[in-house]
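Asks:
Written out as structure tokens, the structure reads:
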């Protein structure tokens with residue numbers, strides 16, 4: 232029997248709702264607040280108010296992969312150099328959490344992955360240290376410089392800083408994501424990415440989805456809209472420009488190489504072809520989070536928790 | 004006058020600046036002989052022309068027209084008898100063919116005689132092998148693990164690989180193995196272990212500064228001509244071998260002397276002169292009270308040698324490096340797996356480990372790469388033999404019960420890390436078991452190696468190739484949608500598990516398409532996606548690729 236594509240996608244979205252993982256979310260919020268307080272205590276008035284800039288803040292979070300990005304904006308004179316800022320925050324977090332978490336230097340952040348708790352839950356928080364560009368200027372425009380950890384020096388050679396404005400980034404995505412269709416499409420592409428080891432950063436998918444909605448008249452059922460966004464990516468990803476709302480000089484499109492853009496275009500091409508060819512194929516690309524099946528999926532299970540389709544399906548007929 | 008002769012004369016005369024300088028005549032064997040003169044850019048050359056009966060057709064891939072001038076022997080593309088080496092396309096029309104052949108000869112004259120052009124590719128020096136012997140010998144060599152110093156000499160180990168027949172003469176094929184300098188192993192040919200460990204015999208070698216040639220491109224034909232290339236130390240060594248006389252004691256009548264030198268590509272090349280152990284070519288003469296070694300002016304009996312290093316062995320076509328350089332674990336070598344294994348081996352792969360607990364039986368032969376004459380045999384043993392027979396460069400390991408062991412231990416979590424570590428030693432796992440357990444296990448272990456899972460449906464209608472990520476889930480889903488014709492399985496008489504219906508041709512067609520697609524994708528550095536092929540023969544035969 233053919234699959235109702237939009238119905239399936241709605242089911243996928245339901246199963247990936249962040250509220251399904253409220254307990255884990257609360258643990259993230261608690262840990263984020265703990266780190267925030269620790270940093271505030273350490274640096275006092277040298278630190279503006281740290282804030283969350285991750286997908287949760289942008290309303291685009293899914294429950295199978297979420298972490299918190301905590302931006303820590305420092306005043307201009309707190310550290311002599313950006314490197315000094317990055318190293319100092321790293322040393323502080325390392326000393327404080329080395330017995331509770333794995334702490335890694337990442338491109339612009341310090342990643343903390345806390346060891347699994349009694350429930351087996353793992354909390355991940357990325358702390359992003361930044362420094363205002365000039366004395367007191369942050370209060371006016373929220374711009375900060377981030378330090379680029381050299382091991383990840385994919386920025387222009389010699390550069391070790393990125394100017395950005397996380398608040399503007401959040402506002403931009405959040406404003407668009409408040410439109411349900413945009414939010415749903417961003418989430419679906421993130422679900423696809425997580426389930427299929429996709430290459431693009433979430434920020435890339437967020438911006439290109441917003442751009443697709445800006446450029447095209449996207450209407451219809453969930454599948455119709457997703458298909459329209461995928462067609463846009465398929466056709467335009469090689470040429471599209473995605474200015475960073477936090478710094479228009481940064482083109483987020485440049486985070487993918489030409490080959491990666493071609494591969495992404497092909498991902499969309501084959502996905503559309505296969506799903507249009509056979510609606511059942513949509514389940515290959517967008518899987519329901521079995522941990523939180525939507526109502527319809529629950530009905531497919533019998534009282535022993537065995538999937539009905541698993542019992543009634545004919546034996547798989549493949550040979551070698 | 005002979006109509007054929009008239010046509011040929013007309014064809015020759017039609018070419019500008021070419022004249023018949025000695026009338027063409029037909030002899031008793033219907034062979035046409037005469038001479039022509041070509042004049043180009045103030046140069047004139049005379050060629051004796053011989054035209055054999057099959058002309059304008061070729062005979063044994065050789066042209067049946069010959070243009071000979073022995074004085075041109077030092078020029079490129081001239082054979083040892085002075086015949087010019089030209090090849091023109093097939094043409095059944097006598098008039099056209101003679102016109103093209105004469106034109107081609109003119110082109111040779113301008114390019115190689117007047118302009119003295121040098122070809123980019125290196126032509127080996129020409130060796131005329133003895134055809135008087137009752138048998139033919141060919142010595143194969145490949146790249147060495149170490150260079151041999153110029154002037155070096157010593158013993159060689161070589162092995163008999165096979166005895167064949169060609170034109171009613173036995174043909175012995177030998178493999179050159181190791182080179183020993185002062186009784187110390189100096190260099191070895193890089194054959195796979197199976198070939199390196201063959202029993203050996205001893206020969207001799209000497210490494211020269213340059214190839215021993217006359218007329219630039221022809222190997223010398225007398226031992227005396229070799230003397231200028233070798234040292235007195237070598238001649239002393241040769242004399243010592245003669246006096247030792249071990250070879251005669253061992254019943255060996257002929258001793259190969261391998262003469263090595265570097266060619267412009269930087270590769271080492273070997274020629275082989277056969278020494279009659281009853282008549283060594285060396286002798287000594289006293290000169291000013293000192294004995295000096297010499298080589299007699301006796302003809303050399305040259306044997307054929309061939310460089311079969313991977314560059315040439317796979318030179319005519321191979322799979323891409325992204326496949327051939329991988330350490331491969333092949334799980335399941337039934338119909339699909341055995342075809343994959345032989346294709347990879349012929350394609351240049353160097354390392355394959357075979358896993359399959361099953362036994363090969365006569366019924367398997369008709370649609371796989373197994374032979375009947377090895378009878379009942381473990382599949383991994385049989386396939387190892389097959390792959391080793393194909394390529395002297397593939398290392399094949401076998402581990403028949405590997406997946407059985409994995410299945411025994413998989414539910415004991417303590418061993419999962421060790422299992423993963425073993426599997427991750429391989430760069431690429433090719434799973435042709437069609438066993439969902441295997442797909443599940445590899446996925447649940449979180450194996451980092453690339454995985455290619457290949458299986459087919461009944462009648463080989465579809466071939467399915469699953470790769471990471473989500474390999475197991477994808478397989479489970481996709482087979483729900485593909486055609487299943489389980490009611491038409493093959494059920495032989497007796498107690499037997501039914502199996503799918505498909506011929507070698509049905510299966511191989513799909514497998515080769517799949518391998519070609521995979522090779523293309525990896526060659527271009529693209530990510531390999533899961534895909535399935537669907538063949539359709541409802542009207543004309545069609546095959547469609549569905550990539551995911």
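Residue numbers (my numbering), protein chains in the order written: chain H, 232 to 551; chain B, 4 to 551.
Where is the CB? At the ideal position from N, CA and C, for every residue including glycine.
Under 7 Å between beta-carbons, which chain A residues line up against residue 467 of chain B? List them in chain order, please.
Replies: Protein chains H and B are contained in the structure displayed, whereas chain A is not.
Asks: Sort B:389, B:240, B:308, B:382 by Cα distance to residue 174 of chain B and report the nearest one.
Replies: As a working note, residue 174 of chain B is residue 171 in the second chain. Here the closest residue by C-alpha is B:308.
Asks: Please say whether residue 245 of chain B and residue 553 of chain B have beta carbons closer to each other than 9 Å?
Replies: As shown, chain B starts at 4 and ends at 551. That puts residue 553 of chain B outside it, with no answer to give.
Asks: Please state the DSSP three-state secondary structure of residue 253 of chain H.
Replies: Here residue 253 of chain H is taken as the residue at index 22 of the first chain, counted from 1. In this structure, residue 253 of chain H counts as helix in the three-state DSSP scheme.
Asks: Grab the span of the beta strand (DSSP E) containing residue 176 of chain B for me, first residue to last.
Replies: Taking the second chain and counting its residues from 1, one reaches residue 176 of chain B at position 173. Here the beta strand (DSSP E) through residue 176 of chain B covers 172 to 184.
Asks: Extract the residue ranges of the alpha helix (DSSP H) inside the segment 202 to 251 of chain B, only unbroken runs of 4 or more that lie entirely within it.
Replies: Counting whole runs of 4 or more residues, the segment 202 to 251 of chain B contains the alpha helix (DSSP H) stretches 226 to 229, 235 to 247.
Asks: Does any residue of chain B have a CB that is nearer than 9 Å to the CB of residue 392 of chain H?
Replies: Looking up residue 392 of chain H in the first chain gives position 161. Not an interface residue.
Asks: Would you identify the three-state DSSP class for residue 456 of chain B, choosing helix, strand or coil?
Replies: In the second chain, residue 456 of chain B corresponds to position 453, counting from 1. DSSP places residue 456 of chain B in strand when its eight states are reduced to three.
Asks: According to DSSP, what are the bridge partners of residue 376 of chain H?
Replies: Residue numbering aside, residue 376 of chain H sits at position 145 when the first chain is read from its first letter. Bridge partners of residue 376 of chain H: H:362, H:394.
Asks: Determine the closest residue to residue 553 of chain H out of H:289, H:397, H:295, H:431, with distance taken between C-alpha atoms.
Replies: Within the shown structure, residues of chain H are numbered from 232 to 551, placing residue 553 of chain H beyond reach of any answer.
Asks: So residue 329 of chain B and residue 431 of chain B are in contact, right, with Cβ under 8 Å, and what is the actual spacing, rounded?
Replies: Translated into positions along the second chain, residue 329 of chain B becomes position 326. Translated into positions along the second chain, residue 431 of chain B becomes position 428. Indeed they touch by this definition, with Cβ atoms about 4 Å apart.
Asks: Taking 9 Å as the threshold (beta carbon to beta carbon), is residue 362 of chain H in contact with chain B?
Replies: Numbered from 1 along the first chain, position 131 holds the residue referred to as residue 362 of chain H. No - not a single Cβ of chain B is within 9 Å of the one on residue 362 of chain H.
Asks: Using DSSP with H/G/I as helix, E/B as strand and the rest coil, what is residue 272 of chain B?
Replies: Here the question's residue 272 of chain B lines up with position 269 in the second chain. In the structure shown, residue 272 of chain B sits in a strand (DSSP, three-state: E or B).
Asks: Residue 454 of chain H lies in the alpha helix (DSSP H); which residues open and close that run?
Replies: Against the first chain, residue 454 of chain H aligns to sequence position 223. Start and end: 453 to 467.
Asks: On the criterion of 16 or more Cβ atoms from any shown chain inside 10 Å, does residue 434 of chain B qualify as buried, or is it exposed?
Replies: For the purposes of this step, residue 434 of chain B is taken as the residue at position 431 of the second chain. That one is buried.
Asks: Hey, is residue 461 of chain H's beta-carbon within less than 9 Å of any beta-carbon in chain B?
Replies: The residue given as residue 461 of chain H occupies position 230 in the first chain. No, its Cβ sits nowhere closer than 9 Å to a Cβ of chain B.
Asks: Could I get the ranges of all uninterrupted alpha helix (DSSP H) runs contained in the segment 409 to 451 of chain B, with 4 residues as the minimum, in chain order?
Replies: Listed in chain order, the complete alpha helix (DSSP H) runs (minimum 4 residues) inside the segment 409 to 451 of chain B are 419 to 426, 439 to 447.
Asks: Strictly under 9 Å for the Cβ-Cβ distance: is residue 400 of chain H near chain B by that measure?
Replies: Residue 400 of chain H sits at position 169 when you count from the first residue of the first chain. So, not an interface residue.
Asks: How about the segment 282 to 300 of chain B and the segment 156 to 171 of chain B: do they share at least three Cβ pairs that are nearer than 8 Å?
Replies: Cβ pair count under 8 Å is below three, so no.
Asks: Counting along the chain, where does the alpha helix (DSSP H) carrying residue 437 of chain H start and finish?
Replies: As a first step, residue 437 of chain H is located in the first chain; it is residue number 206 there, counting from the start. Residue 437 of chain H -> alpha helix (DSSP H) spans 433 to 446.
Asks: Which residues share a DSSP beta bridge with residue 550 of chain B?
Replies: To locate residue 550 of chain B, count along the second chain from 1; it is residue 547. DSSP, once it has assigned bridges, lists B:534 as partnering residue 550 of chain B.
Asks: Measure the Cβ-Cβ separation of residue 195 of chain B and residue 326 of chain B and say whether it is below 9 Å.
Replies: One-based indexing of the second chain puts residue 195 of chain B at position 192. One-based indexing of the second chain puts residue 326 of chain B at position 323. Going by C-beta atoms, residue 195 of chain B is not nearer than 9 Å to residue 326 of chain B.
Asks: In terms of alpha-carbon separation, which member of H:512, H:462, H:396 lies closest to residue 371 of chain H?
Replies: Translated into the one-based positions of the first chain, residue 371 of chain H becomes position 140. Of the listed residues, the one whose Cα sits closest to residue 371 of chain H is H:396.
Asks: Who are the Cβ neighbours of residue 552 of chain H in its own chain at under 7 Å, not counting the five residues just before and after it?
Replies: Residue 552 of chain H lies beyond the range of chain H shown here (232 to 551); nothing can be said about it.
Asks: Tell me which residues share the same chain as residue 457 of chain B and place their Cβ nearer than 6 Å to its Cβ, disregarding the 5 neighbours each side in the sequence.
Replies: The residue labelled residue 457 of chain B in the question sits at position 454 within the second chain. Closer than 6 Å at the Cβ level, and outside the excluded window around residue 457 of chain B, lie 339, 435, 468.
Asks: Do residue 301 of chain H and residue 266 of chain H have their beta-carbon atoms positioned less than 9 Å apart in this structure?
Replies: In the first chain, the residue the question calls residue 266 of chain H occupies position 35. In the first chain, the residue the question calls residue 301 of chain H occupies position 70. In contact: residue 266 of chain H and residue 301 of chain H (Cβ atoms closer than 9 Å).
Asks: Excluding five sequence neighbours on each side, which residues of the same chain lie with their C-beta closer than 8 Å to the C-beta of residue 365 of chain H?
Replies: In the first chain, residue 365 of chain H corresponds to position 134, counting from 1. Closer than 8 Å at Cβ, skipping near neighbours: 307.
Asks: Need the endpoints of the beta strand (DSSP E) that residue 293 of chain B sits in, please.
Replies: Start at 1 with the first residue of the second chain, and residue 293 of chain B comes out as number 290. Per DSSP, residue 293 of chain B belongs to the beta strand (DSSP E) from 293 to 298.
Asks: Is the separation between the beta-carbon of residue 475 of chain B and that of residue 439 of chain B shorter than 9 Å?
Replies: For this step, residue 475 of chain B is matched to residue 472 along the second chain. For this step, residue 439 of chain B is matched to residue 436 along the second chain. Taking 9 Å as the Cβ cut-off, residue 475 of chain B and residue 439 of chain B qualify as a contacting pair.
Asks: Distance check for residue 459 of chain H and residue 404 of chain H, CA to CA, integer angstroms please.
Replies: The residue you call residue 404 of chain H lines up with position 173 of the first chain. The residue you call residue 459 of chain H lines up with position 228 of the first chain. Computed Cα separation, rounded: 19 Å.
Asks: How about residue 367 of chain B: is its C-beta nearer than 9 Å to some C-beta of chain H?
Replies: Position 364 of the second chain, counted from the start, is the residue given in the question as residue 367 of chain B. So no, residue 367 of chain B is outside the interface.
Asks: If the cut-off is 9 Å on Cβ atoms, which residues from the segment 412 to 436 of chain B count as contacting chain H, listed in chain order?
Replies: So the list reads 434, 435, 436, given in the order they occur along the chain.
Asks: By Cβ distance, which residues of its chain are closer than 6 Å to residue 167 of chain B, with the 5 residues on each side in sequence left out?
Replies: In the second chain, the residue the question calls residue 167 of chain B occupies position 164. Cβ neighbours of residue 167 of chain B beyond the five flanking positions: 174.
Asks: Could you give the residue range of the beta strand (DSSP E) that holds residue 99 of chain B?
Replies: Position 96 of the second chain, counting from 1, holds the residue named residue 99 of chain B. Residue 99 of chain B -> not in any beta strand (DSSP E); alpha helix (DSSP H) instead, spanning 97 to 111.
Asks: For chain H, find out if any of its Cβ atoms is closer than 9 Å to the Cβ of residue 528 of chain B; answer yes or no.
Replies: As a first step, residue 528 of chain B must be located in the second chain, where it is residue number 525. Yes, because at least one Cβ of chain H sits closer than 9 Å to the Cβ of residue 528 of chain B.
Asks: Can you tell me whether residue 333 of chain B is buried or exposed? The criterion is at least 16 other CB atoms within 10 Å of its CB, across all chains shown.
Replies: By one-based count along the second chain, residue 333 of chain B stands at place 330. The residue in question, residue 333 of chain B, is buried, as its Cβ has 16 or more Cβ neighbours within 10 Å.
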